[in-house]
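**Q**
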Amino acid sequence: LISILHNMTKANCAVVCAIHQPSGRMISLFDDIMVLNRGKCMYCGPKSEILSTYNIAGFTRPSFYNIAEFGNVFFLEVITEQKDEDLKNLHKICRDEYEKFKSRSTYKSKQNSSIDFEQNFETDNTVTSTKIRRPEKSTWQQQKILCSRALICIMRDNTFTKLRIAAHITAGLLFGLIFYNFGDDAIKVQSNISCLFIVQMYLFIINALQTVQM
């Protein structure tokens, strides 16, 4: 996944993500790194300058630590204040580097180009939104699309279709046995009404199951 994101950055796409405890191979794919401590930026810049910046602040990387171990262990100890080093100096250095970066002409040109892009995108979006008018489909076309969609789902799920057919046959046999010869007897009018109600509810539930599945 990180390799895919790194390839996206080569296609002029900005990718920002939070990675917890990255490995050495994963850090090798990073271009820029930001370290945050309680909302304050402890480092923000290229991967190649992170060790030199921390050396200036007084945080020396042990010789037996690589950059991944230094990031996972040593940074964690510094940020959680398990060591006695002062973080104010480190924060000041990072802040000064950020101010220098903002004063460069490349930053200002990129900022102006991003503002122009946003303005052009907003104008293009408003123009295209006013021009595009989707034709409304008639009721018959909508019903045709829904029926074709339901037919495709039925053809794809043969097991569920067979279960529905078996359920219909079983329900028909049960209703036929329970309400057999009830229609000729006027005394059993209430049973006939119950039969109609149960059949309607059964059809409603069976169709609702198909809708939920889709």
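Residue numbers (the working numbering): 78 to 291.
Ideal Cβ positions, reconstructed from N, Cα and C, are used throughout, including at glycine.
Computed from a predicted model, the values in this text were never measured in an experiment.
#1: Roughly how many angstroms separate the alpha carbons of I133 and D109, rounded to a whole number?
#2: Under the rule that 16 or more other beta-carbon atoms within 10 Å means buried, what is L223, buried or exposed?
#3: With the cut-off set at 8 angstroms, would you say M119 and L128 are in Cβ contact?
#4: Would you tell me roughly how many angstroms separate the C-alpha atoms of H245 and K214, rounded to the nearest one?
#5: Please check the pair I104 and K87, which I expect to be a contact at CB under 8 angstroms, by giving their CB distance rounded to whole angstroms.
#6: Pull up the distance between the alpha-carbon of S206 and that of M85, whole angstroms please.
#7: Can you check whether the CB of E174 is closer than 8 angstroms to the CB of G122?
#8: So what's Y175 in DSSP terms, helix, strand or just coil?
#9: For L240, tell me which candidate among L286, S100, C90 has the shortest Cα-Cα distance.
#10: From A95 to H83, what distance separates their C-alpha atoms?
#11: Is it true that the CB of N166 sits closer than 8 angstroms to the CB of G135?
#12: Could you check the C-alpha separation between S225 and M111 for me, to the nearest Å?
#13: Tell me, to the nearest whole angstrom, how far the beta carbon of F281 is from that of C272; I am working on the premise that it is less than 8 angstroms.
#14: Do you know how far the Cα of F256 is from the Cα of N269?
#15: Unbroken beta strand (DSSP E) runs of length 3 or more, entirely within the stretch 102–131: which are they?
**A** So, from the listed chains and residues:
#1: In this structure, the alpha-carbon of I133 lies about 19 angstroms from that of D109.
#2: exposed
#3: no
#4: Each residue's Cα considered, the two are about 34 angstroms apart.
#5: Incorrect: roughly 18 angstroms between the Cβ atoms, too far for contact.
#6: Residue confidence is low: S206 scores 47 on pLDDT, short of 50, so the model does not pin down where it sits. Its coordinate-derived value is still stated next. Each residue's alpha carbon lies about 29 angstroms from the other.
#7: yes
#8: helix
#9: L286
#10: 14 angstroms
#11: For G135 and N166, yes; Cβs fall inside 8 angstroms.
#12: 52 angstroms
#13: Between F281 and C272 the beta-carbon gap is near 15 angstroms, outside 8 angstroms, which marks them as no contact.
#14: 8 angstroms
#15: 109–114, 117–123
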